[in-house]
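Residue numbers (the numbering used here), protein chains in the order written: chain B, 133 to 542; chain X, 133 to 542. By construction, the Cβ of each residue, glycine as well, lies at the ideal position given by its N, Cα and C atoms. For reference, the structure discussed in these notes is given below.
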């Protein structure tokens with residue numbers, strides 16, 4: 133069964149909004165055994181919307197449309213769908229009553245635009261939106277089920293989870309799909325491919341391998357379609373893992389943060405962080421995982437040298453002799469952090485994220501990371517590319533990879 | 133002049149990777165006066181790549197392709213382009229020599245896959261990639277210039293900035309485009325539209341307005357095409373700002389973090405943060421802005437109650453009587469943070485991000501935020517939706533909005 137995704141909104145094309153909805157739906161649809169053939173984003177242009185619906189719905193069993201359902205004038209999806217279907221609009225009293233009820237309860241005043249939100253193309257099956265005022269819509273056409281949802285991510289996600297999933301689960305045209313992803317660190321894509329090539333070459337034709345590099349790690353995705361997909365994928369994966377053993381840290385959606393969380397909790401260890409240039413992003417990576425409070429006590433964002441000295445006990449001479457971005461400083465930050473926060477292991481990061489603050493000896497992108505306990509520290513210097521956000525993300529990620537290495541060596 | 137974007141990679145369709153390249157290029161292309169009509173993502177499928185190139189290149193003056201140029205087997209873009217153009221592949225010696233040189237200098241060993249990376253369709257004009265081993269490619273066909281770049285964001289960005297920009301700047305088919313975005317907080321999209329409707333209705337036809345809501349703020353984008361676009365947009369924007377005065381905090385790319393940074397630096401104030409449930413994300417929002425070290429001293433990630441008590445001086449009775457998620461706790465966190473970090477103003481956040489940890493009295497999404505100096509604090513309780521990451525992002529953003537409010541009232 134094939135589906136297409138159509139995202140409507142000039143903001144997506146001019147780069148004001150990143151199309152995260154397509155990725156979110158892509159993941160859910162793949163898990164449901166549905167193949168996404170195309171994911172298209174177009175501007176708020178009625179004629180373009182109509183021609184795109186026309187083209188995509190002729191090549192797909194389902195077409196998922198997001199965007200263009202809000203209360204304001206730039207939202208024209210509904211009218212375009214009505215034109216495409218050749219039907220009139222009607223006013224839906226129950227939808228309006230629900231909005232009135234909600235606004236009264238919240239003590240908010242209604243705008244006349246909310247009334248316009250309650251017009252729908254004739255024949256619409258409404259899908260409940262528990263997170264906002266614009267319901268989802270289902271249109272059953274002879275070739276294709278067209279589903280239109282708001283572009284606000286949590287509203288779309290709510291409608292998808294409550295209504296769309298059930299609809300798809302009842303559709304027996306789905307083709308079994310199965311995938312597993314092996315997550316690796318510390319090995320380049322090309323090297324990794326060399327290692328597993330002999331295995332890949334013997335794979336049956338209904339299996340497929342893909343390499344997904346990002347920020348110091350490479351994911352290897354093995355996927356298959358058909359009734360034997362699960363059996364075949366599960367046969368090959370252990371062979372790949374064997375070939376890549378020292379580099380594999382986990383599977384599927386397991387992040388590095390989750391992998392170290394599992395190990396830390398297993399070993400009953402408490403973690404603390406001392407961040408300078410990453411300014412909280414390392415803490416964020418750690419605490420994005422539910423349950424992180426079981427091992428993560430907290431951290432210090434030592435953005436100023438005063439905090440490095442007063443809270444983390446970094447010596448003034450160290451800062452003067454070696455600078456805040458140095459092996460000596462991150463080593464002292466680790467030791468100070470362990471004492472201050474009463475933890476077993478600490479991570480310290482100090483560097484020059486950029487764009488300014490660099491020198492010839494320490495250019496932008498020079499970042500020192502230390503991970504360890506009171507006795508031993510693993511320390512590494514990174515020379516990264518010159519983009520502030522990439523430097524922040526890359527080094528926070530690298531710190532977790534180093535923590536994993538430290539825990540393995542222990 | 134019209135262009136289309138084609139992103140190749142199954143990982144984009146199944147949701148393993150979010151297509152940030154399209155947004156990045158969209159922004160640059162729009163600024164260059166180029167209209168993006170479609171942005172399409174498709175799977176690593178040779179036939180589909182060929183048919184998509186065929187369709188898109190017939191409706192566009194430029195087609196930008198990203199993805200599918202890495203060293204591994206799932207990368208088939210080059211072969212698909214060669215088939216589409218009806219040309220053979222050739223081996224490019226200079227490209228191979230560069231790779232050998234780089235790997236020798238870095239003391240890395242070459243894979244035979246790097247040799248395969250040096251084959252290109254005959255007639256390719258190579259575009260230098262300073263960030264990786266796969267160069268960009270330009271194909272001049274009678275109707276359309278096709279440009280193919282790697283999918284790794286910083287490699288694509290490097291090629292685009294170094295080569296593509298110059299190419300486009302020399303193209304006189306570009307149509308002048310101008311936009312300004314007004315950034316607001318504290319007002320709903322529908323209300324905002326009501327306020328400015330009278331102005332919008334009198335606008336010339338070559339102007340367009342769009343509303344972009346996200347996490348407690350709404351952006352209003354006014355755009356125009358044609359020779360008088362800039363003049364017209366600059367005539368209307370002050371009228372819109374006047375109508376929305378109390379809600380406007382800035383323009384265009386200025387984030388809330390940048391807006392408060394400007395005010396804090398102007399007033400010579402130092403900021404500290406004390407985060408519990410947001411775990412560093414607030415610090416990250418603040419330090420994502422270059423120059424934040426001029427006013428931001430740092431923070432404490434007080435994930436455990438012990439840190440709240442020992443470092444931030446929150447009283448044990450407060451935690452026992454009111455809980456860590458309470459007005460009293462965030463008030464004491466602000467006061468403790470100001471003292472500990474020697475700052476003028478502090479922000480404190482404590483809440484239940486979820487998915488677990490909620491109770492009937494304090495469900496998941498209950499978040500208390502305090503902003504203030506040693507004397508006065510602005511304190512607010514939020515009841516958010518039940519998704520951990522959204523709760524973290526929303527409340528970090530809300531904290532900055534509250535800081536702005538506090539600074540305005542001062």
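Own chain, CB closer than 7 Å to residue i, minus 5 neighbours either side, in chain order
i	result
residue 448 of chain B	441
residue 435 of chain B	408 and 411
residue 176 of chain B	140, 141, 142, 200, 206 and 208
residue 152 of chain X	285
Residue i versus residue j: straight-line alpha-carbon distance, rounded
i	j	result
residue 242 of chain B	residue 225 of chain B	15 Å
residue 416 of chain B	residue 202 of chain B	32 Å
residue 443 of chain B	residue 525 of chain B	25 Å
residue 367 of chain B	residue 355 of chain B	12 Å
residue 325 of chain B	residue 258 of chain X	25 Å
residue 458 of chain B	residue 155 of chain X	37 Å
residue 222 of chain X	residue 160 of chain B	41 Å
residue 239 of chain X	residue 501 of chain B	22 Å
residue 475 of chain B	residue 467 of chain B	10 Å
residue 146 of chain X	residue 385 of chain X	30 Å
residue 263 of chain B	residue 424 of chain X	35 Å
residue 298 of chain B	residue 267 of chain B	17 Å
residue 527 of chain X	residue 392 of chain X	16 Å
residue 323 of chain X	residue 350 of chain X	11 Å
Residue from the options whose Cα sits closest to the Cα of residue i
i	options	result
residue 438 of chain B	X:445, X:429 and X:438	X:429
residue 181 of chain B	B:512, B:166, B:211 and B:163	B:211
residue 498 of chain B	B:510, B:517 and B:445	B:517
residue 200 of chain X	B:467, B:343, B:431 and B:175	B:343
residue 380 of chain B	B:220, B:405 and B:316	B:316
residue 464 of chain X	X:365, X:503, X:488 and X:147	X:503
residue 514 of chain X	X:539, X:482 and X:230	X:482
residue 190 of chain X	X:538, X:216 and X:472	X:216
residue 276 of chain B	B:303, B:287, B:461 and B:519	B:303
Interface partners of residue i on chain C, CB under 8 Å
i	result
residue 502 of chain B	Of the protein chains in this structure, namely B and X, none is chain C.
Cβ shell of residue i (< 8 Å), same chain only, five flanking positions each side left out
i	result
residue 308 of chain X	165, 357, 358, 359, 361 and 362
residue 301 of chain B	164
Beta-carbon gap between residue i and residue j smaller than 8 Å
i	j	result
residue 353 of chain X	residue 311 of chain X	yes
residue 171 of chain X	residue 188 of chain B	no
residue 150 of chain X	residue 185 of chain X	no
residue 136 of chain B	residue 162 of chain B	no
residue 234 of chain X	residue 247 of chain X	no
residue 347 of chain B	residue 529 of chain B	yes
residue 432 of chain B	residue 409 of chain B	no
residue 387 of chain B	residue 411 of chain X	no
residue 487 of chain B	residue 422 of chain X	yes
residue 197 of chain X	residue 138 of chain X	yes
residue 292 of chain B	residue 157 of chain B	yes
residue 336 of chain X	residue 377 of chain X	no
residue 313 of chain X	residue 252 of chain X	no
residue 494 of chain B	residue 455 of chain B	yes
Distance cut-off 7 Å: residue i Cβ against heavy atoms of the ligand MN
i	result
residue 364 of chain X	Looking at this structure, you won't find the ligand MN or any other ligand, since it has none at all.
Three-state class that DSSP yields for residue i in the structure shown
i	result
residue 173 of chain B	strand
residue 137 of chain X	strand
residue 465 of chain X	helix
residue 346 of chain X	strand
residue 328 of chain X	helix
residue 525 of chain B	helix
residue 340 of chain B	strand
residue 478 of chain X	strand
residue 503 of chain X	strand
residue 241 of chain X	coil
residue 310 of chain B	strand
Close-in-space but distant-in-sequence residues of the same chain around residue i (CB under 6 Å, 5 per side omitted)
i	result
residue 477 of chain X	401, 403 and 505
residue 269 of chain B	256 and 280
residue 375 of chain X	327 and 328
residue 511 of chain B	459 and 502
residue 445 of chain X	468
residue 271 of chain X	278
residue 338 of chain B	356, 357 and 358
residue 496 of chain B	484, 486, 490 and 518
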